[in-house]
Amino acid sequence: KNLCFVHLSRSLSFFSLQTFEKLLIANRGEIACRVIKTCKKMGIKTVAIHSDVDANAVHVKMADEAVCVGPAPTSKSYLNMDAIMEVIKKTRAQAVSLNESICCSFISSLSLQASEGVTFIGPDTHAIQAMGDKIESKLLAKNAKVNTIPGFDGVVKDADEAVRIAREIGYPVMIKASAGGGGKGMRIAWDDEETREGFRFSSQEAASSFGDDRLLIEKFIDNPRHIEIQVCSIYYYYLVLADKHGNALWLNERECSIQRRNQKVVEEAPSTFLDPETRRAMGEQAVALAKAVKYSSAGTVEFLVDSSKNFYFLEMNTRLQVEHPVTECITGLDLVQEMIRVAKGYPLRHKQADIAINGWAVECRVYAEDPYKSFGLPSIGKLSQYQEPLHVPSVRVDSGIQQGSDISIYYDPMISKLITYGSNRVEALKRMEEALDNYVIRGVAHNISLLREVIIHPRFVQGDISTKFLPEVYPDGFKGHKLTDLERRELLATAASLYVAEQLRSQRFLGTPRIPIAKSKRSSWELSVRLGDGIYPVAVSKDGSSFSVEVDGMKLNVTSEWNLASPLLSVTIDGTQRTIQRLSRNASGDTSIQFLGTVYKLQILTKVAAELSKYMPEKAAEDTSSILRSPMPGAVVAVSVKAGDTVSEGQEICVIEAMKMQNSMIAAKTGKV
Numbered sequence: 001k002n003l004c005f006v007h008l009s010r011s012l013s014f015f016s017l018q019t020f021e022k023l024l025i026a027n028r029g030e031i032a033c034r035v036i037k038t039c040k041k042m043g044i045k046t047v048a049i050h051s052d053v054d055a056n057a058v059h060v061k062m063a064d065e066a067v068c069v070g071p072a073p074t075s076k077s078y079l080n081m082d083a084i085m086e087v088i089k090k091t092r093a094q095a096v097s098l099n100e101s102i103c104c105s106f107i108s109s110l111s112l113q114a115s116e117g118v119t120f121i122g123p124d125t126h127a128i129q130a131m132g133d134k135i136e137s138k139l140l141a142k143n144a145k146v147n148t149i150p151g152f153d154g155v156v157k158d159a160d161e162a163v164r165i166a167r168e169i170g171y172p173v174m175i176k177a178s179a180g181g182g183g184k185g186m187r188i189a190w191d192d193e194e195t196r197e198g199f200r201f202s203s204q205e206a207a208s209s210f211g212d213d214r215l216l217i218e219k220f221i222d223n224p225r226h227i228e229i230q231v232c233s234i235y236y237y238y239l240v241l242a243d244k245h246g247n248a249l250w251l252n253e254r255e256c257s258i259q260r261r262n263q264k265v266v267e268e269a270p271s272t273f274l275d276p277e278t279r280r281a282m283g284e285q286a287v288a289l290a291k292a293v294k295y296s297s298a299g300t301v302e303f304l305v306d307s308s309k310n311f312y313f314l315e316m317n318t319r320l321q322v323e324h325p326v327t328e329c330i331t332g333l334d335l336v337q338e339m340i341r342v343a344k345g346y347p348l349r350h351k352q353a354d355i356a357i358n359g360w361a362v363e364c365r366v367y368a369e370d371p372y373k374s375f376g377l378p379s380i381g382k383l384s385q386y387q388e389p390l391h392v393p394s395v396r397v398d399s400g401i402q403q404g405s406d407i408s409i410y411y412d413p414m415i416s417k418l419i420t421y422g423s424n425r426v427e428a429l430k431r432m433e434e435a436l437d438n439y440v441i442r443g444v445a446h447n448i449s450l451l452r453e454v455i456i457h458p459r460f461v462q463g464d465i466s467t468k469f470l471p472e473v474y475p476d477g478f479k480g481h482k483l484t485d486l487e488r489r490e491l492l493a494t495a496a497s498l499y500v501a502e503q504l505r506s507q508r509f510l511g512t513p514r515i516p517i518a519k520s521k522r523s524s525w526e527l528s529v530r531l532g533d534g535i536y537p538v539a540v541s542k543d544g545s546s547f548s549v550e551v552d553g554m555k556l557n558v559t560s561e562w563n564l565a566s567p568l569l570s571v572t573i574d575g576t577q578r579t580i581q582r583l584s585r586n587a588s589g590d591t592s593i594q595f596l597g598t599v600y601k602l603q604i605l606t607k608v609a610a611e612l613s614k615y616m617p618e619k620a621a622e623d624t625s626s627i628l629r630s631p632m633p634g635a636v637v638a639v640s641v642k643a644g645d646t647v648s649e650g651q652e653i654c655v656i657e658a659m660k661m662q663n664s665m666i667a668a669k670t671g672k673v
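Oh and the sequence shown: position 103 is 103 in full-length UniProt numbering, straight run, nothing missing.
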């Protein structure tokens, strides 16, 4: 559980340093749990705030005190500054760790409490205002002679002005919220129509997520070399740690290029692309920028790097970012602890020479999303079964949920951050592959299959990645793992062995064979297994605890403990170990098996039953051509038509908001509502 805090370990005496007696955490989910864990190590009592739907959330249970601050919508709870200020007074918290979305406005209110000894865990107000605003930070970077992406440096007033500015810059352009981050309030526009639509959705998302609808427009860097010569523009994130005494460190880079909808999916540290000279130059420039705004805490400076290793400043995030665990793994620092110490006024304990790169770390963001729909549309529901792969060596899981937790439409659909560490990249990736196979998530759709496919893809393994990795590798959308002939035989053999193992178990009672009417020593089975569009004859014979399975004229030996009650099943097929999960089964022979990360639907029947199944009528597919059905759960925030209207194909019908992202629903054909 203490993975990644070992390389720069010091005496535990620093935990006895006087910091704060009580700290309020104005956040939720995995990041709130992360802060609480370090506070417990440091002997600091914690206060959690929560909405009414989060009353039983993990961060609420972990904290020493918890106070409800409003209903489910974030604007009425986690972003409700008046309610949070009242909780600070009520609980007499000495320090506050804030939700990133309200830092600027909250600090202004918090400054009124300075005389009462309330401290913000983070940088000073002027640094947050300077770097937390994308418009102001770009101007500051320009003044500091830092290269920036061409664009409009002011606030875009309306859709007409957005179109005018976009034309002046030249398409394509990026429309971006001035406040916040996480891919919210961001749209790429390739023409005037997309600019108007992007302005509308980005401003609405920005207002909903950050309480600030200001937008900026800049040139979208679309490098054709991504496809043609496989040389990519890559996002790099440099973590900076600075104290109130003028000291600052750069803690190496994080590679965050695997993204969908401008949100990161896989991160790693260090990068496969940078050489020591470029790494040092970027780090020193990040520190110089931090010192220019008198920054004092942990923060992240983002760069865009081209194929020639030229780098350009994008923005600075004045907070502890989601992907911070990979930096902790390769440096050995507990960044939350460092932020608390700096906030109390202590100087940094390390010098730049102490910060080395020790090993390799990879982080996968596990989301409650359906990866087969636009690389991940949100899924909601209750986690009916949940088991983190902490039994796998060198695995760390940062989560804010547990079995029984609800994934709702109100908040980000992240389930957890899955981190693996190794002495090198190959080792870290191999452990990630094992960890993903051993992760049990039931009750909601999740993106385990996509994550696993990304980390084993030859391009990713070689380090040939960019922000366009997903659409380039999966131009027709993600379809799951494509089985090789060998893997198909392994799956068929495993499924058939499971079927026979269950048949044998059903004949036993309290571990003893039932008294049969007639003695039977059956040791072989002839089955028919349907997988996809194929039907395969499979012959199974039992040999002790193993099964000999014949598929496609080839025999495979399948061995396991056959603990059918376990959500995880370790199976050895001709010496190759696989971890599978059987998700469902029914009396008709239908079964779902998670194999190599992807869920496959099979039907297993005896040879006789398969011959008779052709007489069973097939259920007709529902005709949905005249129905507009939302591909995800959410709230209807706008309806653009009324009953009786005639609409054309591609016309907007309504807007659905889910997990703070707005999605336009369009008509699939011309017709009357």
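Here a beta-carbon is modelled for each residue, glycine too, at the ideal position from N, C-alpha and C. Since we're looking at a predicted model, the values are computed, not measured.
query, result
"Return the residue from the list Asn56, Met131 and Leu568 that minimises the CA-CA distance to His391.", "Leu568"
"Which residues in the same chain have their Cβ closer than 8 Å to the Cβ of Lys672, if we skip the five residues on either side of it in sequence?", "Gly644, Asp645, Thr646 and Val647"
"Between Leu139 and the ligand NAD, is the CB less than 7 Å from at least one heavy atom?", "This structure does not include the ligand NAD; it has no bound ligands of any sort."
"Mind checking if Pro567 is an interface residue toward chain D, Cβ cutoff 8 Å exclusive?", "In the displayed structure, chain D is absent; only one protein chain is listed."
"Within 10 angstroms of the Cβ of Met616, are there 16 or more other Cβ atoms? Answer buried if so, exposed if not.", "exposed"
"Rank Gly185, Ala189 and Glu194 by C-alpha distance to the C-alpha of Ala206 and give the top, closest one.", "Gly185"
"Pick helix, strand or coil for Glu228, following the three-state DSSP scheme.", "In this predicted model, Glu228 has a pLDDT of only 15, less than 50, meaning its place in the structure is not dependable enough to derive any value."
"Considering only residues of the same chain and omitting the five flanking positions on each side of Arg214, which have a CB-CB separation below 6 Å?", "Val155 and Ser178"
"Counting only the same chain and skipping the five closest in sequence on each side, list residues whose C-beta sits under 8 Å from that of Phe33.", "The sequence shown places Cys at residue 33, not Phe. Result list for Cys33: Val58, His59, Met62, Asp398, Ser399 and Gly400, in chain order."
"What residues in its chain sit with their C-beta under 7 Å from that of Gln337, if we drop five residues either side in the sequence?", "Thr38 and Met42"
"Which parts of the stretch 506-592 are runs of the beta strand (DSSP E), unbroken and 3 residues or longer, counting only runs that do not cross its ends?", "524-531, 534-543, 546-551, 554-560, 569-573 and 576-585"
"Is the stretch 368-375 in contact with the stretch 284-300, if contact means three or more CB pairs nearer than 8 Å?", "no"
"If you count every other CB in all the chains shown that lies within 10 Å of the CB of Met554, and 16 or more means buried, which is it?", "exposed"
"I'd like the list of long-range same chain contacts for Val67, defined as Cβ closer than 8 Å, with 5 residues on each side in sequence excluded.", "Val47, Ala48, Ile49, His50, Val87, Lys90 and Thr91"
"State the Cα-Cα distance for the pair Ser664 and Leu377, rounded to the nearest angstrom.", "13 Å"
"Quick check: what's the CA-CA separation for Glu472 versus Lys45?", "48 Å"
"For Ser208 and Lys309, I'd like the C-alpha separation in whole angstroms.", "37 Å"
"What residue does the beta strand (DSSP E) around Arg261 start on, and which one ends it?", "From DSSP, Arg261 is part of no beta strand (DSSP E); its letter is neither H nor E."
"Closest to Pro393 by C-alpha separation, out of Ser405, Glu433, Asp82 and Arg452, would be which residue?", "Glu433"
"Tell me, please, whether the stretch 484-495 touches the stretch 443-463 by the rule of three or more beta-carbon pairs shorter than 8 Å.", "no"
"Which two residues bound the contiguous beta strand (DSSP E) that contains Leu24?", "Lys22 to Ala26"
"Helix or strand or just coil, what does DSSP make of Arg254?", "strand"
"By a C-beta neighbour count over all protein chains shown, 10 Å radius and 16 as the cutoff for buried, is Ser384 buried or exposed?", "exposed"
"With a Cβ-Cβ cutoff of 8 Å, do Val529 and Phe547 count as a contact?", "no"
"With H, G and I counted as helix, E and B as strand and the rest as coil, what does DSSP make of His50?", "strand"
"Give the DSSP-derived three-state secondary structure of Gly299 in the structure shown.", "strand"
"For the candidate residues Ala361, Gln662 and Asn317, whose alpha-carbon lies nearest to that of Met632?", "Gln662"
"Verify whether the separation of the beta carbon atoms of Leu602 and Ile593 is less than 8 Å.", "yes"
"Where does the unbroken alpha helix (DSSP H) through Met81 begin, and where does it stop?", "Met81 to Thr91"
"Return helix, strand or coil for Gln387, following the three-state DSSP convention.", "strand"
"In three-state terms, what does DSSP make of Ser233?", "Reliability of the predicted coordinates at Ser233 is poor, the pLDDT of 35 falling under 50, and no value is obtained from them."
"Counting pairs of Cβ atoms below 8 Å between the stretch 337-353 and the stretch 436-455, do you hit three or more?", "no"
"Between which two residues does the alpha helix (DSSP H) harbouring Asp437 extend?", "Arg425 to Asp437"
"Output the distance between the C-alpha atoms of residue 678 and Leu531, rounded to the nearest integer angstrom.", "What is shown of the chain runs 1 to 673, which leaves residue 678 out entirely."
"Identify the continuous alpha helix (DSSP H) that holds Ala290 and give its terminal residues.", "Pro276 to Ala292"
"Using beta-carbon positions only, say whether Glu323 and Glu315 come within less than 8 Å of one another.", "no"
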